[in-house]
Each structure stands twice: as C-alpha cells, then as structure tokens.
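Visitor:
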C-alpha cells in the first residue's frame with residue numbers, strides 16, 4: 002500500500018470515461034510544491050496525460066523536462082483560458098499555503114466547469130471554504146498522514162488507509178483465534194463486523210479470500226470495514 006498520501010490518490014485521479022462532449026486532456030495539476038509535484042510526477046510515470054502549471058519561475062526551471070509544464074498564474078481566469086483548462090476532466094489544486102490563491106484558483110476552475118476538482122487544504126477551516134465554493138474533493142495531506150501514522154504506531158496494524166466515511170482497509174497480522182482455521186470456521190465477519198479481503202503467505206502470491214481460505218500465524222491479512230471495528234479486531238491477542 003502507498004506510503005505517500007499524495008501517491009495514494011493516483012488511481013482515483015485517473016480520468017474515467019467522459020460523459021460530456023468535452024475533449025479529455027487528462028489531469029491539470031496547479032502548483033508544484035511537494036504535494037502537487039508528487040501527484041504530477043506519479044501520474045506522468047503511470048503514463049497518464051498530465052499538465053502541470055506553476056507560477057514561480059524558479060520552480061518551473063527545477064521541473065522543466067521532468068513533467069509537461071507551463072508557467073502561469075492561475076489566480077487569473079484568463080491564464081486558465083489560455084492554457085486550455087476547459088479541456089481537462091480533472092484538476093488538482095496543489096496550492097495550499099496561500100489561502101487566497103488556493104480559493105481563487107479553485108473558484109476559477111469551478112466557474113469554467115471542470116468535472117472533477119481536487120484541492121489541497123491546510124486546515125479544517127480551509128477545507129470547508131474549498132468545499133463551499135465547489136471543490137469536489139478536498140485533501141488535508143498532513144492531517145491524513147498524521148492520522149494514519151497514529152493508527153500504525155498504536156497497535157498491530159502494518160498499513161492503514163481510510164477510504165471514505167470511516168470505511169477503512171488495513172494490513173495486519175491475524176489474531177491468534179483465527180490462526181489455523183478457515184475464514185468460515187473463525188467467522189470473522191459475523192463476530193467482528195469486518196471482512197478479510199485477502200491473505201499473503203510468506204513466499205506465495207497474494208490471494209483473494211474465500212470462506213475456505215485458511216489463515217496461519219505467519220500470514221499477513223488485508224481486512225476492510227469501519228475503522229472502529231478494525232481497531233477492535235486488530236486489538237485481539
């Protein structure tokens with residue numbers, strides 16, 4: 002599972018089939034700080050169509066030749082028009098440290114009708130503002146990463162990703178009461194309200210779980226469910 006919260010977004014940022022008459026130019030990434038540059042470079046590495054936009058000439062020079070890039074100030078609606086922003090199905094606003102710029106850029110993208118707008122926020126208040134002006138997805142990278150690490154250092158979890166509304170996927174060692182039994186025998190879902198998605202045994206390939214899947218003490222299991230239920234399950238001896 003991805004270590005970097007920004008890289009964890011890459012699959013969800015890939016444009017899906019367009020339902021409009023717009024040309025799908027891919028993903029527009031505005032701002033090449035640590036967050037925006039990680040998204041742009043990851044999408045580029047995955048072969049996705051991406052265009053990065055940065056205001057600072059120094060940062061533009063740093064990233065020139067590494068990702069498709071233009072220098073522009075996207076707080077100006079005319080700049081967005083000139084670079085063809087209307088043709089993009091997804092836009093990411095990586096500008097977070099400057100609240101006014103973040104809000105202006107997001108508002109400009111809303112005004113031109115970008116189907117999916119992802120925006121970085123630096124605080125819950127910033128997040129609420131972005132949501133109110135029309136951002137479809139708001140990310141708080143530091144808060145999300147801090148929450149994730151807290152879950153990892155406080156228990157038996159090996160990895161932790163909260164998907165949405167408390168639904169979470171974790172990687173963990175199996176509790177002793179499940180070891181040596183099939184999932185049907187241990188009744189994990191009915192007893193604990195969580196679902197074992199798959200099992201990885203040492204030296205073997207990952208296998209999707211079935212009721213007949215037998216779990217051993219050396220396995221790593223991938224489990225989904227509500228965060229509270231997963232914490233209780235992981236706390237079992």
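In the numbering used here, the protein residues as written are 2 to 238.
Note that the Cβ used here is the ideal one computed from N, Cα and C, for glycine as well.
Could you check if residue 225 belongs to the surroundings of the ligand ZN, using beta carbon to heavy atom distance under 6 Å?
Guide: What this structure holds is no ligand at all, so the ligand ZN is not there to describe.
Visitor: Can you tell me where the beta strand (DSSP E) holding residue 162 begins and where it ends?
Guide: Residues 158–165.
Visitor: Give me the DSSP bridge partner(s) of residue 1.
Guide: There is no way to answer for residue 1, as the model of the chain reaches only from 2 to 238.
Visitor: Look at residue 103 and residue 96 and say whether their C-beta atoms are less than 7 Å apart.
Guide: yes
Visitor: Give me, in chain order, the residues of the same chain whose beta-carbon lies closer than 8 Å to that of residue 26; leave out the 5 immediate sequence neighbours on both sides.
Guide: 50, 52, 85, 88, 89 and 90
Visitor: Does the separation of the CB atoms of residue 107 and residue 140 fall below 7 Å?
Guide: no
Visitor: Quick check on DSSP: helix, strand or coil for residue 72?
Guide: strand
Visitor: Please classify residue 193 as buried or exposed, where buried requires at least 16 other C-beta atoms within 10 Å of its C-beta.
Guide: Label assigned to residue 193: buried.
Visitor: When DSSP labels each residue in this structure, what does residue 113 get in the three-state scheme?
Guide: Coil.
Visitor: Drop a sphere of 10 angstroms on the beta-carbon of residue 42, count the other beta-carbons inside from all chains shown, and report buried for 16 or more, exposed for fewer.
Guide: buried
Visitor: How many angstroms separate the CA atom of residue 125 from the CA atom of residue 164?
Guide: Going from the Cα of residue 125 to the Cα of residue 164 covers about 18 Å.
Visitor: Any contact between the stretch 207–223 and the stretch 182–197? By contact I mean 3 or more CB pairs, one from each, below 8 Å.
Guide: yes
Visitor: Between which residues of its own chain and residue 225 is the CB-CB distance below 6 Å, once the five residues before and five after are set aside?
Guide: Hits under 6 Å: 170, 196 and 198.
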